[in-house]
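Structure first, commentary second.
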Amino acid sequence: MIRRTFCAVSASTILTTRGALTAEKAGYQVLASDKGQVALIGVDGKPAWKRPLRAEVHDITLLPGGGVLLPVARDRIAEWTNEGKEIWSYKAEKVTGNNSHVEIHAVERLPDGNTLVAESGNRRLVEVDREGKIVRSIALKVEKPNPHRDTRLARKTADGTYLVCHEGDGKVREYDSKGEVVWTHTLDLAGRPRSNGHGPEGHGTEVYGAFRTPKGTTFIAAGNGNRVYEVDRSGKTVWSLEQKELPGIVLAWVTTLHILPSGNIIVGNCHAGPENPQLFEVTRDKKVVWVFKDFVTFGNSMAAAHVIGLASGTIR
Numbered sequence: 001m002i003r004r005t006f007c008a009v010s011a012s013t014i015l016t017t018r019g020a021l022t023a024e025k026a027g028y029q030v031l032a033s034d035k036g037q038v039a040l041i042g043v044d045g046k047p048a049w050k051r052p053l054r055a056e057v058h059d060i061t062l063l064p065g066g067g068v069l070l071p072v073a074r075d076r077i078a079e080w081t082n083e084g085k086e087i088w089s090y091k092a093e094k095v096t097g098n099n100s101h102v103e104i105h106a107v108e109r110l111p112d113g114n115t116l117v118a119e120s121g122n123r124r125l126v127e128v129d130r131e132g133k134i135v136r137s138i139a140l141k142v143e144k145p146n147p148h149r150d151t152r153l154a155r156k157t158a159d160g161t162y163l164v165c166h167e168g169d170g171k172v173r174e175y176d177s178k179g180e181v182v183w184t185h186t187l188d189l190a191g192r193p194r195s196n197g198h199g200p201e202g203h204g205t206e207v208y209g210a211f212r213t214p215k216g217t218t219f220i221a222a223g224n225g226n227r228v229y230e231v232d233r234s235g236k237t238v239w240s241l242e243q244k245e246l247p248g249i250v251l252a253w254v255t256t257l258h259i260l261p262s263g264n265i266i267v268g269n270c271h272a273g274p275e276n277p278q279l280f281e282v283t284r285d286k287k288v289v290w291v292f293k294d295f296v297t298f299g300n301s302m303a304a305a306h307v308i309g310l311a312s313g314t315i316r
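Last residue of the sequence shown: 316 (the numbering used here), numbering continuous.
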């Protein structure tokens, strides 16, 4: 097996891999946020740039022109140029019925140029134009309201529906453009008892991400479910990667996913500790072909990442 390895050069972060390709041959860059900063790691494994940011970042995107779209405060998102200048922003204001505050855990730039934002606390999705005007608002169904747990990632599908991860409810709901729920997937404990903790010791149903494929299946990044799996429209699991299936890797809080046209999947492995990679690429037959482990630039809370250099058609 050939494994492509991409690591910060530090005694605590080097991965030794027989037959490893160099980072340059892997050709990947990684944009991520943790430890009070946002950084772009080049193909040489070194930061191309770093910028300070005191915000919890659960979603981040490198835009086609080189800009960055991300949360910059609990209730505000922004677009930066590749030089770090803020050129657009949107601040979520409390709506009637929200007796707490607003948090933003998901932001997606749409093909029409508008931006999809999930507003936890307000329990809604909004689409915002370049002038900051809300052009669409969709109320969300939330069983256990909590401004920190109403939502994690939300994505608009090619069919115009919205896949929303409700962390506190332990459910993925798909909404149509009128706000009707057209599909629901409820996470379970996969035969294991619930346990506390953010690392590999913790286990629950706090879902993080859901991604629809062209064939109609949905990949679930199960958060503290410590697993990645793919379900069909009936909810049947058609593929899964469990917590301890990969030699030398233990899954903790599963977050970011990239589904490549080849069938490979890049998995975000947050809170897993310095003995585990923060990102890794795995084939459908569960062979690890690339890992990213940088506990110098980032830390144990690197939840959101955008891997750059992937084939056209990658879903994230």
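The C-beta atom is built at its ideal place from N, Cα and C for all residues, glycine as well.
Annotated three-state conformation of P71 is strand, per DSSP. Its chain contains E230 as the residues whose beta carbon lies nearer than 6 Å to that of W239, once the 5 sequence neighbours on both sides are disregarded; these appear in chain order.
Excluding residues up to 5 positions away in sequence, nothing lies with its Cβ nearer than 7 Å to the Cβ of N99 in the same chain. CA-CA distance, G248 to R173, rounds to 34 Å. A residue is called buried once 16 or more other Cβ atoms fall within 10 Å of its Cβ, and I259 is buried on that count.
L116 sits in a strand when the DSSP states are folded into three classes. For H185, the uninterrupted beta strand (DSSP E) segment begins and ends at 181-186. At least 7 Å separates the beta-carbon of A210 from that of G268.
Taking all protein chains in view, the Cβ of V182 is surrounded by fewer than 16 other Cβ atoms within 10 Å, so the residue is classified as exposed. In this chain, the beta strand (DSSP E) harbouring N269 covers 265-270. A residue is called buried once 16 or more other Cβ atoms fall within 10 Å of its Cβ, and I41 is buried on that count. The criterion of a C-beta distance shorter than 7 Å is satisfied by R152 and C165.
Taking E131 as reference, the option from A92, I104, W88 with the minimal CA-CA separation is W88. Residue pairing by DSSP puts I308 in a beta bridge opposite Q29. Here R155 carries a strand assignment [DSSP, helix/strand/coil]. When C-alpha distances from V250 are compared across L63, L241, L125, the shortest belongs to L241. A distance below 8 Å between beta-carbons, with the five flanking residues on each side excluded, links I134 to the following residues of its chain, in chain order: V126, E127, V128.
Runs of the beta strand (DSSP E) spanning 3 or more residues and lying entirely within the stretch 228-291 occur at 228-231, 237-241, 253-259, 265-270, 279-282, in chain order.
For D59, the three-state secondary structure derived from DSSP is coil.
With fewer than three CB-CB distances shorter than 8 Å, the stretch 184-204 does not count as touching the stretch 288-295.
Annotation for G209: the continuous beta strand (DSSP E) segment containing it runs 209-212. K144 and R123 have their C-alpha atoms spaced approximately 11 Å apart. L189 sits in coil when the DSSP states are folded into three classes, being neither helix nor strand. In this structure V254 is in contact with Y208, their Cβ atoms being roughly 6 Å apart against a cut-off of 8 Å. Residues of the same chain with a CB within less than 8 Å of the CB of A158, apart from the 5 flanking positions on each side, are R212, P214 in chain order. Taking C-beta atoms as the reference points, G84 and R54 fail to come closer than 7 Å. Around R192, the same chain offers H203 as residues with beta carbons nearer than 7 Å, after the five sequence neighbours per side are excluded. In terms of Cβ geometry, G235 and T205 do not form a close pair [threshold 7 Å]. Beta-bridge partners of S89 (DSSP): A78.
A check of alpha carbon separations from V68 across D75, V102, I60 identifies I60 as the nearest.
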